[in-house]
Structure formats: structure tokens, C-alpha cells
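First comes the structure, then the notes that go with it.
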Amino acid sequence: MAALGRACLFLGLVLAAGGIGASIYGARAKRQEWVEVGRRCVYALAAVMTIAFLVLEAAFWRTDLSFSVVAGHSSTTTPLFYRIAAPWSSQEGSLLLWVWLLSIWSSLALRLTRKRLAEVAPYATAVLLVYGAFFLTLSAFLVNPFGVTNPAPAEGAGLQPLLRHPSMMIHPPMLYSGYTLFSVPFAFAVGALIAGRLDAEWIRSTRRFALLAWLCLGVGILLGARWSWTELGWGGFWAWDPVENAALMPWLTGTAFLHSVMIQEKRGMLKVWNVSLVMATGVLAVLGTFLVRSGVLQSIHAFGGSTLGKPFLAFIAALLIGSVGLVAYRMPSLRSKARLDSLLSREAIFLLNNLVLCGLAFVIFWGTFFPLISEAVTGHKASVGPPWFDRYTVPLAIMLVLLSGIGPVIAWRRATLANARRNLAGPAIAALLATALLAATVDAVRTPASAGLFAAAAFAIAAVVQELWRGAHARSAAAHQPLPGAFVGVVRRNRRRYGGYVVHAGVAVLLTGVAASSTFQHVRDVRLSPGQTARVGSYDVKYVRPTTRMQAEKISLGATLDVSKGGHHVATLQPTRGYYPTLDPSLGPVGRYFDGDATSEVGLKAGPTRDIWTAVEPDLSRFQGAIARADREFADATPATNGLLLSAIAARYEAAPPPATFRMIVSPLVEWVWLGGGIAALGGLLALWPTRARRRATRRAAAARVRLRPRRVLEGA
Amino acid sequence: MEAILFLLLVLVAGSVVTVPLRRREHATPLDARTAALEAARDAKLREIRDAELDHRTGKLSDVDYAALDGTLRSEAADLLRELEEARA
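Residue numbers (the numbering used here), protein chains in the order written: chain A, 1 to 717; chain B, 718 to 805.
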């Protein structure tokens, strides 16, 4: 099986190289048959990578420990669910996932554009295959997922405990889908620049891929945040971790692109800006992958020191230099004759929104790479923390939310002051009322930043609701329909517009959750024995009793906590600490559990107004003597004896529980983060969904265009 | 074993990707100018619909809408004429 996987990798390289050559030759010589060969190479690459990925999945599924990557990232005790997700927990498997997803999305894009973009598509095919060839080279020669160990070890190292979370199944594939999907508009932009076809056709053909990339990357980031909140035990959903930041940067520039591209479609303006944005997004997506692979910055996600840093840097440099060079080369053709009609127009608001989004991306870039920049300049690696990021990102976020409310109520081309005033009055009143209400009831405006964000969010949500209402009302009047039917009708006929508005509302809800939970959370670290109580915020948390749980792959020690408010029971929480054994033979049969990896399973009571979050770390110092004695006396214990020894430790923990350190957090509106993300994702799906008219037009166009002509049809085109 | 497997895969993949070289006829992609004009036409028609919705939802006054709609329709007519010429 490993041989089949390796053969697929090398064949993939041959296909990529052949496809690049065929596509470029076909485009230069105007030989359509060679262009088709290039496209078929991408389809074949997708098939071959699917086989390779299935081989790797099968190895994890069967726990085939002869595969080095399986032995290093799985074990016989790893549950099937996590074995299926384990391939992308490793450097080797995640690179293979990258190439596989790239080949699938590239095939889809080229299939959908096969009757269009005759001059652009061959170069786009070559660019997509260059991406594929780069990652395949890494996979085949530097981090081969099909390396074998002979003889196979009896047991594997197991999956990293922190990765044992349901999000593991979907978070990395969503992020990688986002990254790889962004390479589609990037490749077509490069193709358009090389071919000199700088009209909006390449944008129309790849806009949906950019939107899908934006959606996948956004959902991936959100799933990662959710994972952090429920698993990692530090009590936050965002840490300005370099790798989280790296995913956010292309998402921000991609968001800017999705807005500014509408101006090019409608007005033929901003061509330079749009190709620059899409290229920056493509490069940032590879940069994000580089940050995880290279280990140049410390991160929970990093795969540690690796040999991939230099090849990645060379690839990123080539992408960057090539992109800048192409834009400079085509600059005269990219200049637009059209001008902005008015500063009071949706185009102007989109431009402002683009500046804010790019400003945010730049701040995050600077803060993330500051350790490398400072080391290069001063010789010392200095880093910046959340306060630094907050200082710059909070005002920009407020501006962004405000603009997301202004944009939908301003007309394209030119809005009059009177109309703008009338359309902005409702949202402005809503913002004032919300702020006053919050000030009067929950003292939620004690910091200017939070007050500003709440007001901006209320403004944006009110603007979206007003737009939906007016749209439904207008349709109801025009089509003589009842309001609910008119609402569905107007949204269905204008999915792109209203999908975007729903995204705006979702982002406003999400940022409200971020602001409230960051500003008004209560955190306490306390040491308690059973029977003792601690107060966090307005809640009393009592350590009732210890808990234990024995499983094949770990032993869990924890606590039962009773949460009450004003004497009334609110929740019973059960945070635990899971101890996973290491394979270090120098440690004894019991000690290897407690000297190995440990993770927190948090006790969480989530609600629409607040989350109560708890994590526990038992003080095991008083068990050290017993553990050392068990290791000495039962050095060659069988698994059955080992189980009995661990049960004895667990029984002693329950009978004479030691004090434990607890982290307790009461955080308001955390659920709004997930709710807002869900609303934004729904809006994205709505905007992505093809309209009936479009589907009909696509079928008609396909029927009209499919005709056969003699070979060399591109000659003279 | 690995070499044989590799050669077998190369043969299968090679025969699949080179099918176009053995065909006598090929599907014709849409002419680039026509495709660009179609993209511009679709964008213009969408702009007309957007302006209409902007007017109905109170973002454009009657006077502004009349002027804008006239301009857009005239631009759309030019594009349709160019498209017909390109297709002829």
C-alpha cells in the first residue's frame, strides 16, 4: 500500500510537470488540443491524489504501524473517529491533504470554465499545477507520508491529546479548503495578466470560488476559536496566535476583494486594486501554510522545527515577485477611464471598507511577524501581545462594523444627501437607543471601545433589518403579494445582495460577542479542597467531590462543581484533566501516564447571556511516592496489572482527594460569537447559491456553445 | 514492485490525458471578446436591477433614478449591439 502511495506522489509530479508544459505550449502555439491535455492533467492529478489520500486514510483506519506517519500520530487505542482525522495532524498528511484539496478545487474550476476564458485558462491551469508541483515536491522528497518502518513498532505514539476534539475532523479541512480555493482566483488573475484579458470575465468566472474560499476559511477560523474555548484549557477563543492570525489575514484581504470586485464588474474600475488584492490573498494563504509548516514562530499549531522553511520562503518570494512584476508589466492596460461619481455612493463606502480591511490585515501582519522583524533588526526576538493588537484592531473593527451598516443603505453611483439622511436616521436612532439602554441597565458602556462597538453593531443590524423590510415591502407593493411571501421572493431574487447583508448582520453580532466577552469577563484562579467555595463574578462555585474515569488511552481526574447564584442552583459542572501515557521506556508503567501529555476537558455551562467555564488541575504531588513505588515494584507489569495499578491510584484520589487548582471564568455573550458566525455563514451560503435564472442561463449557454470545430481552432482567435 | 506500479499508473494516466491529441475534432471555447461582452452585459443588467431595487427601497429619488436608469439602459443597449456584432 505504501508503494502505491509513493507511486501516486511521483505520478502526480509527472502529471503536474506535463500539464504545465502542455498548457503553456497550447496557449503560446494556439493548439487547443494541448490546452485540453493540460486540463486533463489536472483532472488526472485529482484522481491520483484521491487514491494517495485514500491509501493514507486506510493506513490510519487499520492502524498500520508500518507507516511511520501512523506510528507517530496514532495508536491501537486511538478511537476510530480520531484515527480518520489523524492524517492531517501530521506534517506529512496535512501537506497531502493540501495537494488533494487543491487538485479537487482546481479540477472543478477548470471544468466549469472549459468553454470560457480560452486565453486565460491555459495559464491559470499552469499556475494551479505549479502550486500542486511545489507541494508534491515537498511531499515526495522532504516529508513523505508513505515512509515505512521495518519492523513495525508494536504500538504507536497516539494522537496528540490536544487534537482529540470533534473540530479536528472539520477545522483543518475547512481551513485548507479556504487556502486552496483562494489559489483559484489567484491563478486566473495571473492568467488574465499574462494573456492581457483584463476585463471582468475572469472575475465573473472565479467570483464564486473566492466566495466559497472566504466561507470555508471563515468557518474554519470560527471552528478553531470554538475548539480553543471548549478544549484548550486557557479560557479564550482567540489568542492572537500566529497561525490563527495567518488564517485571518487572507480572510480579511479576501473580504476586501469580494467587495471591490463588484465595483470592477459594474464600473470597470479598480482593476489594479483587484488584481493586487487577489494576489495578496493568494500569497497570504501560502504564507499561512508556511507558518504552520516551518515552526519559525511559536504556536500551538506549529509542527515544530522542520526543513520546509527555506523551500516555502523561496516559493512565497517567487509568488510575490511574479505577482508584482505582472501587475507592473500590465499597469498601462489596467488603468481605468471611469471615475468615482461621488464620495456619497456605495462605491466610496466599499473603498473605505477596503482600506479598513487592508489596515486590519497589515496590523495583524506586523504584529505576527514582529518577532522575526525585531530579531532581524535588533538581534533580539521580541513579540507583541493582545493589548498591542487590541489598540489598533478595536478602532478599525468599530469602523468596519459602522461601514457595514452604511453600505447597504447608500445607492450605487450617486446618493443625494437627503436620501442618505433619511436612510441613515433609523439605524442611527437604533444605535443611540441600544447604547442608552445598555448604559441604563447593565453598565455595558463603561469603556469607550465597547460602547463604540455596541453602538456600531446596533447601527449595522438595524440597517440590515431596515433593508430587508423595505425590500419585502417594495416587492409586496409591486407584486401584490403578502409580506412573508414578498420577503422570501425579494431575497430569492437578490441572493447576492441580501446574502451580503446577512453576513454584515452576522459579523456585527459576532463582534458584539467578542467585545462583551473580552471586556466584561470575570476570571479567577483558585486552589480549593472538596467542600470549599469560590466566588467568580456573581456566581458561587463549590468543589463538591473529586471524579475519576479510566479509559483505554487515558486516565481522567476531575471534580464535580456546583454553581449557584444568590443561593439558587445554576449548574453542575465536571471539568477533568486527562493524562495520556508516553512511549518513553525509561518511565514506569504508571509514571508514564503522569509524565506524559495532559489536557483539560473544561466544564462549561453555555447560555445566551453568559458562559460559565471551568478547568481543573489536581495537585498530584502527594501521589508521587505511590506512583514511584508502583513503577519500581511493577516495572514489567502486564496491561491487566497496569490497569489495576491505575485503578488503585484513582481510588486513592477519590478517597483522599488532594486540593486542586481551578480556573473559573464567567464571560458574557460568548455564544453570540458562534451565533454571529453561523448567521454570517448562512449569509455566505445564500450569496453563493445559484439563482434559477443563472442556472437556466448556464444551461442555455452550454447548449448553445457546445459545438465541434476542426483542430487548431485557436488560430486567429 | 514500486517501479512496476508506477509504470502501470503512468500508462493509465498517460492514455487518459492524451485523448485530445488522438481526437480529430475539439470543442471550441467561447470567443474571448464575446465572453467579455457577455460578462459586461450581465453586469449591466444586474446594475439596472440594482438601481431599480435601490429606487424602490428609497435609496434613489425619482429624479435620480430616472437619470441613472436612462444612462444604464443606454449603456446596456450599446453592449447588446456590440455583442450582436461580435456574434455575427
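The beta-carbon is built from N, C-alpha and C at its ideal position, and this holds for glycine as well.
Pair every Cβ in the segment 214–226 of chain A with every Cβ in the segment 147–159 of chain A, then say whether three or more of these pairs are closer than 8 angstroms.
no
Establish whether the CB of B/Glu-719 and some CB of chain A are separated by less than 7 angstroms.
The count along the second sequence starts at 1 and reaches residue 719 of chain B at position 2. Between B/Glu-719 and chain A, the shortest Cβ-Cβ separation is below 7 angstroms.
Euclidean distance between Cα positions of A/Trp-234 and A/Ser-228:
As a first step, residue 234 of chain A is located in the first sequence; it is residue number 234 there, counting from the start. As a first step, residue 228 of chain A is located in the first sequence; it is residue number 228 there, counting from the start. Approximately 8 angstroms between the Cα atoms of the pair.
When the Cβ atoms of the segment 159–174 of chain A are set against those of the segment 229–249 of chain A, are three or more pairs found closer than 8 angstroms?
yes
Name, in chain order, the residues that DSSP records as bridge partners for A/Val-541.
Locating residue 541 of chain A in the first sequence gives position 541, where the first residue counts as 1. Per DSSP, A/Ala-534, A/Val-563.
Would DSSP call A/Pro-145 helix, strand or coil?
Counting from one through the first sequence, the residue named residue 145 of chain A turns up at place 145. It is coil, neither helix nor strand.
DSSP bridge partner residues for A/Thr-576 (one or two, in chain order)
The count along the first sequence starts at 1 and reaches residue 576 of chain A at position 576. According to DSSP, which records beta bridges pairwise, A/Thr-576 is partnered with A/Gly-558, A/Glu-601.
Can you find a C-beta in chain A that's less than 7 angstroms from the C-beta of B/Thr-751?
Within the second sequence, numbered from 1, the residue matching residue 751 of chain B stands at position 34. Chain A, which has no Cβ nearer than 7 angstroms to the Cβ of B/Thr-751, makes this no.
Determine whether the Cβ of A/Glu-201 lies closer than 7 angstroms to any Cβ atom of chain B.
Residue mapping note: residue 201 of chain A aligns to position 201 of the first sequence, counting from 1. By this cut-off, A/Glu-201 is an interface position.
Looking only at C-alpha atoms, which of A/Arg-493, A/Asp-631, A/Ile-410, A/Thr-614 sits nearest to A/Pro-586?
Against the first sequence, residue 586 of chain A aligns to sequence position 586. According to the sequence as given, residue 586 of chain A is Ser; it is not Pro. Among A/Arg-493, A/Asp-631, A/Ile-410, A/Thr-614, the Cα nearest to that of A/Ser-586 belongs to A/Asp-631.
Give a yes or no on whether 7 angstroms exceeds the smallest Cβ distance from A/Gly-471 to chain B.
As a working note, residue 471 of chain A is residue 471 in the first sequence. Yes, contact with chain B.
Count the other CB atoms, across all protein chains shown, that sit within 10 Å of the CB of A/Glu-715; report buried if there are 16 or more and exposed otherwise.
Residue 715 of chain A sits at position 715 when you count from the first residue of the first sequence. With a pLDDT of only 33 at A/Glu-715, under 50, the local geometry of the prediction cannot be trusted, and the value read off the model is given with reservation. Result: exposed.
Ignoring anything shorter than 4 residues, give me the alpha helix (DSSP H) runs that lie fully in the segment 454–517 of chain A, in order along the chain.
483–493
Is the Cβ of A/Phe-10 closer than 7 angstroms to any Cβ of chain B?
The residue labelled residue 10 of chain A in the question sits at position 10 within the first sequence. Yes, because at least one Cβ of chain B sits closer than 7 angstroms to the Cβ of A/Phe-10.
Cβ atoms of A/Glu-265 and B/Pro-737: under 7 angstroms apart, would you say?
Taking the first residue of the second sequence as position 1, residue 737 of chain B is located at position 20. Taking the first residue of the first sequence as position 1, residue 265 of chain A is located at position 265. No. Outside cutoff.
Of all Cβ atoms in chain A, is any one closer than 7 angstroms to the Cβ of B/Glu-799?
Against the second sequence, residue 799 of chain B aligns to sequence position 82. Answer no: the Cβ-Cβ gap between B/Glu-799 and chain A never drops below 7 angstroms.
7 angstroms is my cut-off, CB to CB: does A/Asn-419 come that close to chain B?
Walking along the first sequence from the start, residue 419 of chain A turns up at place 419. Answer yes: the Cβ-Cβ gap between A/Asn-419 and chain B drops below 7 angstroms somewhere.
On the criterion of 16 or more Cβ atoms from any shown chain inside 10 Å, does A/Trp-105 qualify as buried, or is it exposed?
Taking the first residue of the first sequence as position 1, residue 105 of chain A is located at position 105. By the neighbour-count rule (16 or more Cβ atoms within 10 Å), A/Trp-105 is buried.
Name, going along the chain, the residues of the segment 775–799 of chain B whose beta-carbon falls closer than 7 angstroms to a beta-carbon of chain A.
Gly-775, Lys-776, Leu-777, Ser-778, Asp-781, Leu-785
Taking the Cβ atom as the reference point for each residue, do A/Phe-135 and A/Leu-181 lie within a distance shorter than 7 angstroms?
Numbered from its first residue, the first sequence carries residue 135 of chain A at position 135. Numbered from its first residue, the first sequence carries residue 181 of chain A at position 181. Going by C-beta atoms, A/Phe-135 is not nearer than 7 angstroms to A/Leu-181.
Element boundaries [beta strand (DSSP E), containing A/Pro-618]:
What you label residue 618 of chain A is simply residue 618 of the first sequence in a count that begins at 1. 610–618 is the span of the beta strand (DSSP E), which, as asked, contains A/Pro-618.
Short of 9 angstroms Cβ to Cβ, which residues in the segment 128–149 of chain A face chain B?
Within the segment 128–149 of chain A, contact with chain B at the beta-carbon level (separation under 9 angstroms) is assigned to no residue.
Rounded straight-line distance, which links the Cα of A/Thr-149 to that of A/Ala-109:
Stepping through the first sequence from its first residue, residue 109 of chain A is reached at position 109. Stepping through the first sequence from its first residue, residue 149 of chain A is reached at position 149. About 39 angstroms.
Show which residues of chain A have a CB atom less than 7 angstroms away from the CB atom of B/Glu-802.
Looking up residue 802 of chain B in the second sequence gives position 85. Under the 7 angstroms cutoff, chain A gives no residues; its nearest Cβ is about 16 angstroms from B/Glu-802.
Please report the Cβ distance between A/Leu-96 and A/Pro-145, rounded to the nearest whole angstrom; I am assuming they are in contact, meaning their Cβ atoms lie under 8 angstroms.
As a position in the first sequence, residue 96 of chain A is number 96, starting the count at 1. As a position in the first sequence, residue 145 of chain A is number 145, starting the count at 1. Contact holds; Cβ gap of about 5 angstroms.
In the structure shown, what three-state DSSP assignment does A/Val-523 receive?
Position 523 of the first sequence holds residue 523 of chain A. Strand at A/Val-523.
Leaving out the 5 sequence neighbours to the left and right, which residues in its chain are closer than 8 angstroms to B/Ala-793 when beta-carbon positions are compared?
Residue numbering aside, residue 793 of chain B sits at position 76 when the second sequence is read from its first letter. Correct list, in chain order: Arg-758, Lys-761, Leu-762, Ile-765.
Cutting at 8 angstroms between CB atoms, please list the residues of its own chain near A/Arg-116, excluding the five before and the five after it.
Start at 1 with the first residue of the first sequence, and residue 116 of chain A comes out as number 116. In its chain, beyond the 5 residues on either side, Glu-201, Ser-205 have a beta carbon closer than 8 angstroms to the beta carbon of A/Arg-116.
Spatial neighbours of A/Ile-349 within its chain, please: CB distance less than 7 angstroms, with the 5 preceding and 5 following residues excluded, ordered by chain position.
Mapped onto the first sequence, residue 349 of chain A falls at position 349. Here the set comprises Leu-403, Ile-406, Gly-407, Ile-410.
Please classify A/Met-331: does DSSP put it in a helix, a strand, or coil?
Residue 331 of chain A sits at position 331 when you count from the first residue of the first sequence. In the structure shown, A/Met-331 sits in a helix (DSSP, three-state: H, G or I).
Around the C-beta of B/Arg-790, are 16 or more other C-beta atoms found within 10 angstroms, so that it is buried, or is it exposed?
Taking the second sequence and counting its residues from 1, one reaches residue 790 of chain B at position 73. Answer is exposed; the Cβ neighbour count stays below 16.
Comparing the C-beta of A/Leu-4 with each C-beta of chain B, is any distance below 7 angstroms?
On the first sequence, residue 4 of chain A is found 4 positions in, with the first residue counted as 1. For A/Leu-4, the answer is yes, since a Cβ of chain B falls inside 7 angstroms of its Cβ.
State the DSSP-derived secondary structure class of B/Arg-798, mapped to helix, strand or coil.
In the second sequence, the residue the question calls residue 798 of chain B occupies position 81. If DSSP states are grouped into helix, strand and coil, B/Arg-798 belongs with the helices.
Taking only runs that begin and end inside the segment 59–130 of chain A, name each unbroken alpha helix (DSSP H) of 4 or more residues, in chain order.
Those alpha helix (DSSP H) runs which fall completely within the segment 59–130 of chain A and span 4+ residues are 68–73, 80–85, 91–112.
Count the C-beta pairs between the segment 268–279 of chain A and the segment 309–329 of chain A that are closer than 8 angstroms, then say yes if the count reaches three, no if not.
Contact check between the segment 268–279 of chain A and the segment 309–329 of chain A: three or more CB pairs, one atom from each, fall below 8 angstroms, which counts as touching.
For A/Ile-665, name the three-state secondary structure that DSSP assigns.
Locating residue 665 of chain A in the first sequence gives position 665, where the first residue counts as 1. It is a strand residue.
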